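Enquirer: Counting from 1, position 3 in the sequence shown corresponds to residue 94 in my numbering; the numbering is continuous, with no gaps.
No residue lacks a Cβ here, since even glycine has one placed at the ideal position from N, Cα and C.
Fair warning: this is a prediction, and the values are worked out from it, not measured in the lab.
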Amino acid sequence: MGATALAGATWTACQAPESEGTAPAPGPSALGAPVRRYGERSPFEKVARGVRDSKTPEAASSRTPLDETYGIITPSALHFERHHAGVPDIDPSTHKLLIHGLVERSLLFSMDELKRLPSISRVHFVECSGNSGGEWSAKGAPTVQLSHGLASCSEWTGVPLRILLEEAGVKPEGKWILAEGDDACRMQRSVTLEKALEDGIVAYGQNGEALRPEQGYPLRLILPGWEGNTNVKWLRRVKVTQGPQYVKDETSKYTELMEDGQAWIFTFEMDAKSVITSPSGGHAISKPGFHEITGLAWSGRGKIMSVEVSTDGGASWTEADVQDPVYSRAFTRFRMPWKWDGGESVLLSRCTDESGYVQPSREELIAERGRYSAYHCNRIKGWRVAADGSVSNAEA
Ligand SMILES: Nc1nc2c(c(=O)[nH]1)N[C@H]1C(S)=C(S)[C@@H](COP(=O)(O)O)O[C@H]1N2
Ligand SMILES: [Mo]
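1) Write down the C-beta distance between Pro156 and Gly372 rounded to the nearest angstrom, noting that I regard them as a contact closer than 8 Å.
2) Applying the 10 Å Cβ sphere with the 16-neighbour rule, what's the burial state of Asp274?
3) Please determine whether the Cβ atom of Asn320 lies at a distance below 7 Å from any heavy atom of ligand 2.
4) Which residue marks the beginning of the alpha helix (DSSP H) containing Ala485, and which one marks its end?
5) Residue ranges of each beta strand (DSSP E) run of no fewer than 3 residues wholly in the region 255 to 311, ordered along the chain?
6) Going by Cα to Cα distance, which pick from Lys394, Ala411, Val366 is closest to Ser223?
7) Quick one: residues in its chain with C-beta nearer than 6 Å to the C-beta of Gly307, no 5 flanking neighbours on either side, listed in chain order?
8) Let me know if Tyr337 comes out buried or exposed under the rule of 16 or more other beta-carbons within 10 Å of its beta-carbon.
9) Short of 6 Å in beta carbon distance, which residues of its chain neighbour Phe200, apart from the five on each side in sequence? Order them along the chain.
10) Straight-line CA distance for Asp412 to Gly386?
11) Looking at the unbroken beta strand (DSSP E) that takes in His239, where does it start and where does it end?
12) In this structure, what does DSSP give as the bridge partners for Thr443?
13) Roughly how many whole angstroms lie between the Cα atoms of Thr443 and Gly405?
14) Determine contact between the region 240 to 254 and the region 290 to 302, defined as no fewer than three beta-carbon pairs at a distance below 8 Å.
15) Out of Arg303, Ala458, Ala151, Ser212, which has the shortest C-alpha to C-alpha gap to Met349?
16) Quick check on this structure: which residue in Glu264, Met361, Phe422, Glu136 has the alpha carbon closest to the alpha carbon of Pro335?
17) Can Pro379 and Asp432 be called in contact, C-beta distance under 8 Å?
18) On the criterion of 16 or more Cβ atoms from any shown chain inside 10 Å, does Glu527 qualify as buried, or is it exposed?
19) Does DSSP put Ser167 in a helix, a strand or coil?
20) Say yes only if the C-beta of Lys324 is nearer than 7 Å to one or more non-hydrogen atoms of ligand 1, and no if none qualify.
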């Protein structure tokens, strides 16, 4: 059955609100607030990033409340943050980007010079490879903000990295690049030249305006679909090298220990993942009847092809409606109408990407990657709806 037909059929069964009749009391008759130069949200809105207390707030993270955002774009003010040394305060009029190493000529760009070059805008997620790290354990996190909130999606604008590298003229020995940030830790990552040339973006725009300081103002690297950590913020230097540099940021972290004692390194692509954001842990369903099940799916290998939803703990699956257009390596919104009968129900989602990869269960993931990894957990996540309408982590 087509998802649209299903949605239409269920919509007619949707319950109207209980109260009928009288018009609501009119609003104020005094004139409203005047125009303002830079907007703010309504004071009634309180949605916020989740921040855990940390003794080192400069080396911490904050999480996107995925269940309180709509559509596929994360508002910039709610984009998750991960900083290894705090947010530097950088003046764009003095900021420079150096392209050097195995190139015919080193180039130093000011922000103005970068903005003169051909630009592109692309919708892409950024996900910390440590996102959902707690989901490796049998007892996952209680809310979707805690379990999946180190992922967000923006429209990024900037210059294709290919243009800068071609301008500098990469020498034949050049096969990798090292990207470096201008924060106190000078965070660095090695990535392949192939990826840099394929779709790397030196981005200065986020959701129609300049990057937020937390996201790397005035300049960051976007490597679509690759580990969040490779998307170096406050970008100051790109060095073309023969091979990876094995810098501290890629040896002390972002490697995965396998059962046989070997570790995987440079596992760049984020695997396909989906999660139901509503209803999800911490929510309360008010009454039986129509409810929309909705969530997000994404893959570092391209587009999401389909998302299936189960309301009976995996005994049966139904294809959800996937919102058009679907962008490659971007959040993809799925929705499914649902009539809750008031009984206990376990909700699951499972996505498939254009490479044919299917999101695994926790058992399938462990069979492939062992039990010692902290990174790249993309297991299927379950939410239990109890008879009283309260929603919690299915494995709690
Ligand atoms: N210079 C620099 N770049 C950085 C980081 C950092 O601490 N310094 N953190 C990395 C990590 S671990 C992640 S997950 C992403 C997070 O990007 P965001 O804070 O914009 O969400 O940025 C990456 N780029
Ligand atoms: Mo990260």
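Expert: Once the coordinates are examined:
1) Wrong, their Cβ atoms sit about 12 Å apart, outside the cutoff.
2) buried
3) It does: the Cβ of Asn320 is within 7 Å (strictly closer) of some heavy atom of ligand 2.
4) Taken as a continuous stretch (DSSP letters only), Ala485 belongs to no alpha helix (DSSP H), as it is neither H nor E.
5) 267 to 272, 279 to 283, 292 to 297
6) Val366
7) Lys324, Trp325
8) By the Cβ-count criterion, Tyr337 is exposed, with fewer than 16 other Cβ atoms from all chains shown falling within 10 Å of its own Cβ.
9) Leu188
10) For Asp412 and Gly386, the gap between their C-alpha atoms comes out near 11 Å.
11) Counting along the chain, His239 falls outside any beta strand (DSSP E), though it belongs to the alpha helix (DSSP H) covering 235 to 239.
12) Ser397, Val449
13) 16 Å
14) yes
15) When each option's Cα is compared against that of Met349, the closest is Ala458.
16) Glu264
17) yes
18) This structure cannot settle anything about residue 527, because the visible part of the chain is limited to 92 through 487.
19) helix
20) yes
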